[in-house]
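For the sequence shown, my numbering begins at 21 and goes up steadily by one.
Using N, Cα and C, we set each Cβ at its ideal position, and we do this for glycine too.
A short worksheet on the structure shown next.
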Amino acid sequence: MKGYAMLGIGRTGWIEKDRPVCGPLDAIVHPIAVSPCTSDVHTVWEGAIGDRHDMILGHEAVGEVVEVGAMVRDFQVGDKVIVPAITPDWGALASQAGYSMHSGGMLAGWKFSNFKDGVFAEYFHVNEADANLAHLPEGVNPVDAVMLSDMVPTGFHGVELADVQFGDDVCVIGIGPVGLMSVAAAALRGAAKLFAVGSRKVCADAALAYGATEILNYRNGDIAQQVLDKTGGRGVDRVIIAGGNAEETFGQAIRMLKPGGRIGNVNYLGSGDNVLIPRAEWGCGMGHKTIAGGLMPGGRLRMEKLVALLENGRLDTSRLITHRFNGFEHMEEALMLMKDKPRDLIKPVVIL
Ligand code: NDP
Ligand code: ZN
Numbered sequence: 021m022k023g024y025a026m027l028g029i030g031r032t033g034w035i036e037k038d039r040p041v042c043g044p045l046d047a048i049v050h051p052i053a054v055s056p057c058t059s060d061v062h063t064v065w066e067g068a069i070g071d072r073h074d075m076i077l078g079h080e081a082v083g084e085v086v087e088v089g090a091m092v093r094d095f096q097v098g099d100k101v102i103v104p105a106i107t108p109d110w111g112a113l114a115s116q117a118g119y120s121m122h123s124g125g126m127l128a129g130w131k132f133s134n135f136k137d138g139v140f141a142e143y144f145h146v147n148e149a150d151a152n153l154a155h156l157p158e159g160v161n162p163v164d165a166v167m168l169s170d171m172v173p174t175g176f177h178g179v180e181l182a183d184v185q186f187g188d189d190v191c192v193i194g195i196g197p198v199g200l201m202s203v204a205a206a207a208l209r210g211a212a213k214l215f216a217v218g219s220r221k222v223c224a225d226a227a228l229a230y231g232a233t234e235i236l237n238y239r240n241g242d243i244a245q246q247v248l249d250k251t252g253g254r255g256v257d258r259v260i261i262a263g264g265n266a267e268e269t270f271g272q273a274i275r276m277l278k279p280g281g282r283i284g285n286v287n288y289l290g291s292g293d294n295v296l297i298p299r300a301e302w303g304c305g306m307g308h309k310t311i312a313g314g315l316m317p318g319g320r321l322r323m324e325k326l327v328a329l330l331e332n333g334r335l336d337t338s339r340l341i342t343h344r345f346n347g348f349e350h351m352e353e354a355l356m357l358m359k360d361k362p363r364d365l366i367k368p369v370v371i372l
């Protein structure tokens, strides 16, 4: 079969590989629609997970089941499925402890385009199909549903990590597709003031549509100061970090946060040795300013709940998809868009 792969750091291309083998609990899926991710860009061009050779990229897909293992109960050949980016081992102790994304080691629930071939292929393998796949409901557009693989669960997880409550003032730093889903989730959770930080108009317009009450541009000066100015110096109750960097952004998040507040980070810190936390603004270690960071949870139950938001008109992911391509031959073009981030881009989808 053909797959679009990372050949080595900074290099991608088409390769030929054997079709993956289906274990008794597993499924083999043929993609219907896929999307490249900023994480693919970190992987290839920043070497964020180390060097990988001839590893098929991609972890965001909706597809059709073409084979199931003998012990799979709830999926059959021909079923249309949403494939979460994170596919844990559900029997692992980490999963039993509630942290399935770390089953097999820290972050090891992330398998596609990390430890095994990803979804930019004619066929890909899904471990523990009954626990890791979700049925695509009738009436949900498969292209919109690709946003459920990673963008929705990650953005929503930022809001879970920050524990947004009714009436909280919230700031979402970064409004690419992940941060936009944090904005949508914070609005669903009942945020009062909802600041969204980004510089591109297409993202700012989407953030307002998803419920942001005000857009702040990080290119116009320190965002912590901007938030403090707009809140009478009080700051916000919750911050979600979905963009920025390890040197500057955490300091800004701490500075704009009230004592007792929480930061939920879902941004992938792909470079540098340390995250900088400003001592005094962190209350000299006693400010009750909590920082939580997490990889999105996987799992069928969660995916079924998230797709129910689309089914019931609570969330419209179509707004994230600014570029649509028909045919696998456009895979490279779509990935390069993610790398170059033109000003009109939120997310590309390749429809097969
Ligand atoms: P994008 O690159 O599309 O968006 C990044 C956002 O951050 C943009 O709005 C950008 O603004 C903004 N930004 C850039 N620099 C700064 C800065 N210095 N201060 C404030 N804002 C800034 O990324 P995605 O939305 O695709 O992904 C966000 C992150 O989430 C990535 O690091 C990705 O790897 C990670 N991720 C994490 C997952 C998890 O499970 N935890 C899963 C999937 C992704 P603009 O472009 O408008 O100038
Ligand atoms: Zn992704």
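Quiz item: Taking the alpha-carbon positions, what's the Thr-107 to Arg-93 distance?
Solution: Here residue 107 refers to the residue found at position 87 when the sequence shown is read from its first residue. Here residue 93 refers to the residue found at position 73 when the sequence shown is read from its first residue. If you take the alpha carbons of Thr-107 and Arg-93, they lie about 17 Å apart.
Quiz item: Which residue from Ala-151, Ala-25, Lys-367 and Pro-197 puts its Cα closest to that of Glu-142?
Solution: On the sequence shown, position 122 is the one that residue 142 refers to. Considering only alpha carbons, the answer is Ala-25.
Exercise. Would you mind listing the beta strand (DSSP E) stretches within the segment 27-88 that are 3+ residues and don't spill past its ends, in chain order?
Key: 31-36, 47-54 and 81-88
Quiz item: How long is the line joining the alpha carbons of Lys-11 and Lys-37, rounded to whole angstroms?
Solution: The requested residue 11 does not occur in the structure, where the chain is confined to residues 21 to 372.
Quiz prompt | C-alpha gap between Val-256 and Val-184, whole angstroms | solution = Residue 256 sits at position 236 when you count from the first residue of the sequence shown. Residue 184 sits at position 164 when you count from the first residue of the sequence shown. Val-256 and Val-184 have their alpha carbons spaced roughly 11 Å apart.
Practice problem: My understanding is that Cys-42 touches Gly-83, with C-beta atoms under 8 Å, so please give their C-beta distance in whole angstroms. | Solution: One-based indexing of the sequence shown puts residue 42 at position 22. One-based indexing of the sequence shown puts residue 83 at position 63. Actually they do not touch by this definition, with Cβ atoms about 14 Å apart.
Exercise. Tell me, please, whether the segment 236-247 touches the segment 263-279 by the rule of three or more beta-carbon pairs shorter than 8 Å.
Key: Yes, the segment 236-247 touches the segment 263-279.
Quiz item: Do the CB positions of Arg-258 and Gly-292 come within less than 8 Å of each other?
Solution: Walking along the sequence shown from the start, residue 258 turns up at place 238. Walking along the sequence shown from the start, residue 292 turns up at place 272. In this structure, Arg-258 sits away from Gly-292, with a CB-CB distance that is not shorter than 8 Å.
Self-check item: Supposed contact pair Val-222 and Asp-364 - C-beta distance, whole angstroms, cut 8 Å
Solution: Walking along the sequence shown from the start, residue 364 turns up at place 344. Walking along the sequence shown from the start, residue 222 turns up at place 202. Confirmed, Cβ separation roughly 5 Å.
Quiz item: Does the segment 40-58 come close enough to the segment 66-80 to have 3 or more Cβ pairs within less than 8 Å?
Solution: yes
Exercise. Using only alpha-carbon positions, find the residue among Ala-47, Gly-175 and Ala-354 that is nearest to Gly-263.
Key: Taking the sequence shown and counting its residues from 1, one reaches residue 263 at position 243. If we check each option's Cα against that of Gly-263, Gly-175 comes out closest.
Exercise. Please go through the same chain and pick out, in chain order, the residues whose beta-carbon is closer than 6 Å to the beta-carbon of Thr-310, but skip the five residues on each side of it.
Key: Here the question's residue 310 lines up with position 290 in the sequence shown. Shown here for Thr-310: same chain residues with a beta carbon closer than 6 Å to its own, the five before and five after excluded, namely Arg-282 in chain order.
Quiz item: Per DSSP, Thr-310 forms a beta bridge with which residues?
Solution: The count along the sequence shown starts at 1 and reaches residue 310 at position 290. As a beta-bridge residue in DSSP terms, Thr-310 pairs with Arg-282.
Quiz item: Cys-191: which of Lys-250, Val-103 and Asp-225 sits nearest, CA to CA?
Solution: Position 171 of the sequence shown, counted from the start, is the residue given in the question as residue 191. Selected option, being the one with the closest Cα: Lys-250.
Exercise. Taking only heavy atoms of ligand 1 into account, decide whether any of them is closer than 7 Å to the Cβ of Ser-338.
Key: Taking the sequence shown and counting its residues from 1, the one referred to as residue 338 is at position 318. Every heavy atom of ligand 1 is 7 Å or more from the Cβ of Ser-338, so no.
Quiz item: Given that a residue counts as buried once 16 or more other Cβ atoms are within 10 Å of its Cβ, and exposed if not, what is Gly-129?
Solution: The sequence position of residue 129 within the sequence shown is 109, counting from 1. With 16 or more Cβ atoms within 10 Å of its Cβ, Gly-129 is classed as buried.
Practice problem: Kindly examine ligand 2 and report whether one of its heavy atoms sits closer than 7 Å to the Cβ of Ala-105. | Solution: Residue numbering aside, residue 105 sits at position 85 when the sequence shown is read from its first letter. Yes - ligand 2 has a heavy atom lying nearer than 7 Å to the Cβ of Ala-105.
Quiz item: Sorry if obvious, but does the Cβ on Lys-361 come closer than 7 Å to a heavy atom of ligand 1?
Solution: Sequence index remark: in the sequence shown, residue 361 carries index 341 (1-based). Under cutoff, so the answer is yes.
Practice problem: To the nearest angstrom, report how far apart Ala-15 and Val-203 are at their CA atoms. | Solution: One cannot answer for residue 15 here, as it falls past the ends of the chain, which runs 21 to 372.
Quiz item: Using the C-alpha atoms, what's the distance from Ala-227 back to Leu-330?
Solution: On the sequence shown, residue 330 is found 310 positions in, with the first residue counted as 1. On the sequence shown, residue 227 is found 207 positions in, with the first residue counted as 1. Near 18 Å, if we compare the C-alpha coordinates of Ala-227 and Leu-330.
Quiz item: Over what stretch of residues does the alpha helix (DSSP H) that includes Ala-207 continue unbroken?
Solution: One-based indexing of the sequence shown puts residue 207 at position 187. Residues 197-208.
Quiz item: Taking all protein chains shown into account, do 16 or more other C-beta atoms lie within 10 angstroms of the C-beta of Asp-188, making it buried, or fewer, making it exposed?
Solution: Working through the sequence shown from its first residue, we reach residue 188 at position 168. Buried: at least 16 other Cβ atoms inside 10 Å.
Exercise. Tell me, please, whether the segment 166-175 touches the segment 315-329 by the rule of three or more beta-carbon pairs shorter than 8 Å.
Key: Contact between the segment 166-175 and the segment 315-329 is present: three or more C-beta pairs spanning the two stretches fall below 8 Å.
Quiz item: CB of Glu-80 to nearest heavy atom of ligand 2: below 7 Å?
Solution: Within the sequence shown, numbered from 1, the residue matching residue 80 stands at position 60. For ligand 2, at least one heavy atom lies less than 7 Å from the Cβ of Glu-80.
Quiz prompt | Nearest candidate by alpha-carbon position, reference Pro-44, set Ala-149, Ser-123 and Val-101 | solution = Sequence index remark: in the sequence shown, residue 44 carries index 24 (1-based). Nearest of Ala-149, Ser-123 and Val-101 to Pro-44, Cα basis: Ala-149.
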